[in-house]
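Here is the structure we will look at, set down as structure tokens.
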Amino acid sequence: QHVLGFQTSKEKIVIQSQEPEVQNLDSIRGARILLVEDNPINQQIGVEILQGAGLTVSLAENGQDAVEAVKQNEFDTVLMDIQMPIMDGYRATREIRALAQFKDLPIIAMTANASAADRKKAFDCGMNGHIAKPVNPNKLIETLVETISLGVTVSATKQENPNTKTSELKPIPGLDLVDGLHRVGFNEDLYKSLLIQFASSKARVLEKLDEAVQREDLKKAGELLHSLKGVAGNIGAKDLASKATQLENKLKKAEVDSEYNALLLSAKQSLRLTLEGIALLEQKHSSPEIKITQPLPDYDKLSPFIKVLEDYISDNNMQARDYLESIEETFKETPIKDFLSPVKKHLNQFNFSQATISLAEISNELKK
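According to my numbering, the sequence shown is numbered sequentially starting from 812.
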């Protein structure tokens, strides 16, 4: 049984976590996982959980990209979101299964739709398992241990003592901070970043919902609520996620009635309180501008490292973050860390295309 609890002091949250035994966790360390997910916040949470278990993660933003990634790379398991633009997870799974060499590749659905009918649909199209969002980190890793076969069996891995962590975060209305921090492995900096991204991307989501309903575009309205439900659940905005779920269910029945309007009003209040709390957090999270005064490393020495980093980024491989940190360590007597900070920022936001652009600009600057 997983145990989580917290108590608040004037300025700190103390979190106690006692992890359960994870059977044969070491048997899958290093396994290659393709995470197929279109939402940047959900991507970051998924990568944090998977890398925290010692897995190698690559990303695809939709089903079409997933099919191409599977054709071009070797993976031990695919974690497949269902509702995505361009190509959904069901169709992507069918296309992968149509290729004989991938008939046994484990594909696990990850979706906020967790009904028995949704699970049946996932299995009918060729998926091997089903994980509900918001993702429970322990459940996800246990499912992967059961699914992946690397030919190694090891005894259970158990933490000797419960983890006790102190967070500088103050309670934020509308957020279960313990739940949110647990989902990102208690990485407080990442969690702050996710909250700020949430505020930026979802501030107008319920206004957009109103607009979609007014023009009777219930499909678009449903997509907005589905996305909000998953992301809100992942960051610990449980009340907002619950309201979004109820609103989505009403729209599935085309019931835009007084009960729907009351739910929408409640959801707007919950979102407003959460955004106000995050706004205070964001003011404290901004960092001062850095001035570079030390000489940069010789480009001839640096260029082989830059090339490897470029390859990782072009493959949407999250090993890019670890490799970038190894570059910083190798050239720690120089200001390369400050120089590469834009690339690191984009990687932390899973924006590989912008990371590629920034790295190219930096590379050109370093050549001068």
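For each residue, glycine too, the CB sits at the ideal point set by N, CA and C.
Predicted model only: the values in this text are computed from it and were never measured.
- In this structure, the beta-carbon distance from Gly-996 to Ala-923 does not fall below 8 angstroms.
- Within the same chain, and ignoring the five residues on either side of Ala-903 in sequence, the residues whose Cβ sits closer than 6 angstroms to its Cβ are Gly-874, Ala-877 and Val-878.
- Under the three-state reduction of DSSP, Gly-940 is assigned to strand.
- Its chain contains Leu-1017, Leu-1051, Lys-1054, Ala-1055 and Leu-1058 as the residues whose beta carbon lies nearer than 7 angstroms to that of Ala-1078, once the 5 sequence neighbours on both sides are disregarded; these appear in chain order.
- Arg-843 sits in a strand when the DSSP states are folded into three classes.
- Put simply, the backbone Cα of Lys-1030 is about 50 angstroms away from that of Lys-1178.
- In this structure, the beta-carbon distance from Met-938 to Ile-959 does not fall below 8 angstroms.
- Proximity to Asn-850 across Lys-1061, Gly-940, Ala-1043 and Arg-1015 peaks at Ala-1043, based on C-alpha coordinates.
- For the 8 angstroms CB-CB criterion, Ile-1138 and Phe-1116 form a contact.
- For secondary structure counted as the alpha helix (DSSP H) over 4 or more consecutive residues, the stretch 857-894 holds these complete runs in sequence order: 874-883.
- For Ile-952, the enclosing alpha helix (DSSP H) stretches over residues 948-958.
- With respect to the C-alpha of Ala-1090, the residue from Leu-955, Lys-981 and Gln-1130 having the closest C-alpha is Lys-981.
- For Ile-918, the enclosing beta strand (DSSP E) has its first and last residue at 918-922.
- For Asn-1128, the secondary structure class from DSSP, reduced to helix, strand or coil, is strand.
- For Ala-880, the CB contacts under 7 angstroms within the same chain, skipping 5 residues up- and downstream, are Leu-845, Ser-869 and Ala-871 in chain order.
- The C-beta of Tyr-1110 has fewer than 16 other C-beta atoms within 10 Å across all chains shown, which makes the residue exposed.
- Collapsing the DSSP output to three states places Lys-1030 in a helix.
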